[in-house]
Amino acid sequence: MKIVLAYSGGLDTSVLLKKFIDQGHQVVAMTLNLGESDMVAGDGSQDALEAVRQKALKLGAVDAVLVDARERFIEDYAFKALAANALYQGVYPLSAALSRPLIADLLVETAARYGADAVAHGCTGKGNDQVRIEVGVRAKAPHLTTLAPLRDKPLSRPDAIAYAQAHGVPIAHTAAKPYSVDANLWGRSIEAGVLENPWNAPPDDAYAWSVAPEAAPQSGSEVVVAFERGAPSVDGKTGAEMVFELNKIAGANGVGRIDMIEDRVVGLKSREVYECPGSVTLIEAHKALERLVLTRDELRLKAGLDQKYAELIYDALWSSPLRGALDAFNAKLAERMTGEVRLRLVRGRAVVTGSRSPFALYDESLATYGAGDTFRHDAAGGFIQIHGLPVAAGAAKAAQAAERATPELV
Ligand code: ARG
13 MKIVLAYSGG LDTSVLLKKF IDQGHQVVAM TLNLGESDMV AGDGSQDALE
63 AVRQKALKLG AVDAVLVDAR ERFIEDYAFK ALAANALYQG VYPLSAALSR
113 PLIADLLVET AARYGADAVA HGCTGKGNDQ VRIEVGVRAK APHLTTLAPL
163 RDKPLSRPDA IAYAQAHGVP IAHTAAKPYS VDANLWGRSI EAGVLENPWN
213 APPDDAYAWS VAPEAAPQSG SEVVVAFERG APSVDGKTGA EMVFELNKIA
263 GANGVGRIDM IEDRVVGLKS REVYECPGSV TLIEAHKALE RLVLTRDELR
313 LKAGLDQKYA ELIYDALWSS PLRGALDAFN AKLAERMTGE VRLRLVRGRA
363 VVTGSRSPFA LYDESLATYG AGDTFRHDAA GGFIQIHGLP VAAGAAKAAQ
413 AAERATPELV
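If you use the numbering used here, the sequence shown corresponds to residues 13 to 422, in order.
Have a look at this one:
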């Protein structure tokens, strides 16, 4: 069989690659650049990932591809989620969840290019990621088989190391990794290890992109996020580069740390820690501009739809028709989402300190308590009479009923 394997270069997927080859399969290794290495190296180079690609070839892959998917991830996945202010359970910007449908799409595209019969991933059976990748593959290529050997037969770390040593798979560092980490430009997730006891506070070494809010500079930093029909930019930077810069600035101010008990698709609760400095800042800015330019009715309806959108991403339903319909709704509103939001990033908080837009529905002459007030104060009395009519009628009926129920005193 010819198999395209989503390959990170870590121990598990390296063992998987070698096992497939030993079983007589042809393996094409596919490695993605989603910006995690930028956050580590800070230089935008793909050297570390090129080394991963070389490792796959050395292990015997018939070919190994490195896909720079940073821009596609940010523009086609993360920014659609931004339009929906997508936060799962009110706090998690869905960084890992958003990357899975893209991984699925790229597996399918790579399989088509190589004429492969199957795609494979190294997810375990307990997580959301297997669901997201496999539902994504089914949506685009129902004829493809998806192989998930680590789900079907979990591989313990000692077994993986033993297999690696016996089969010439290089092991980068044998020291047990304290956490399970997944990262891309939209955020970094940290789970397992000491975090499994939800009473344990996350140790400092869990974080890599942010400083502790209490250790951040008191002075903070100011950023202005500009939106053009919903598309954000900061100091003229857009897309992946802008998100990278925001991760740096907001992370240095302790913004975007999240520690939550999360409800997984597969039914269990898990303890998850995230650091998402850039995405948290962008979502705050986007919400602030919406409050300025959207009508009250639009905002009320959108709040519910936004929650649904986040749930679709989380629940592996990125490819559902409903998500497409919600995108259309958000795109319609985005026609007026042009303007600027200023934020102060300080000690763990992204505080909006100003907003302006040519589409602002805010009208100072209506809102002012000072001179130049144009609001019709005299109209308010009549408005209250009519607006309160159902309440007044209901109260009158309740009073009558109470009177009937009270026994007459003679
Ligand atoms: N719980 C998060 C989610 O489902 C993060 C998953 C991260 N994946 C990982 N293999 N560490 O979106």
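Don't be surprised by glycine CBs; every beta carbon is placed ideally from N, CA and C. These numbers were taken from a predicted model, which means no experiment stands behind them.
- In the structure shown, residue 262 falls within a helical segment according to DSSP collapsed to helix, strand and coil.
- By the CB criterion at 7 Å, residue 159 and residue 128 fall outside the cutoff.
- Annotation for residue 15: the continuous beta strand (DSSP E) segment containing it runs 14-18.
- By alpha-carbon distance to residue 194, the top candidate from 360, 141, 289 is 141.
- For the pair residue 293 and residue 258, the CB atoms are nearer than the 7 Å cut-off.
- Here residue 73 really is in contact with residue 40; their C-beta atoms are around 6 Å apart, less than 8 Å.
- Rounded to the nearest angstrom, the Cβ distance from residue 305 to residue 351 is 7 Å, consistent with a contact under 8 Å.
- Of all C-beta pairs linking the stretch 288-302 to the stretch 350-370, three or more are shorter than 8 Å, placing the two stretches in contact.
- Around the CB of residue 387, fewer than 16 other CB atoms lie within 10 Å, so the residue is classed as exposed.
- At a threshold of 6 Å, residue 20 does not count as near the ligand ARG, since its beta carbon sits no closer than that to any of the ligand's heavy atoms.
- In this structure, the beta-carbon distance from residue 263 to residue 231 does not fall below 7 Å.
- Beta-carbon to beta-carbon, residue 95 and residue 346 are separated by about 6 Å, close enough to satisfy the 8 Å threshold.
- Per DSSP, the beta-bridge partners of residue 203 are 192.
- With contacts defined as CB atoms closer than 7 Å, residue 106 and residue 325 qualify as a contacting pair.
- Between residue 167 and residue 134, the gap from beta carbon to beta carbon reaches 7 Å or more.
- Around the CB of residue 201, 16 or more other CB atoms lie within 10 Å, so the residue is classed as buried.
- For residue 169, the enclosing alpha helix (DSSP H) starts and ends at 169-178.
- Within the same chain, Cβ atoms closer than 8 Å to the Cβ of residue 367 are found at 300, 301, 303, 304, 351, 352, 353, 354, the five residues on either side in sequence being excluded.
- By DSSP's assignment, residue 38 forms a beta bridge with 14.
- Collapsing the DSSP output to three states places residue 27 in a helix.
- Per DSSP, residue 333 is not a residue of any beta strand (DSSP E); the alpha helix (DSSP H) it occupies stretches across 333-346.
- Closest by C-alpha distance to residue 34, out of 118, 155, 179, 116, is 179.
- If you ignore the 5 residues before and after residue 26, its C-beta comes within less than 6 Å of the C-beta of 181, all in its own chain and listed in chain order.
- Taken from the Cβ of residue 140, at least one heavy atom of the ligand ARG lies inside 6 Å.
- Around the beta-carbon of residue 49, 16 or more other beta-carbon atoms lie within 10 Å, marking it buried.
- With a 10 Å radius around the Cβ and a threshold of 16 neighbouring Cβ atoms, residue 381 comes out exposed.
- By alpha-carbon distance to residue 45, the top candidate from 36, 18, 389, 28 is 18.
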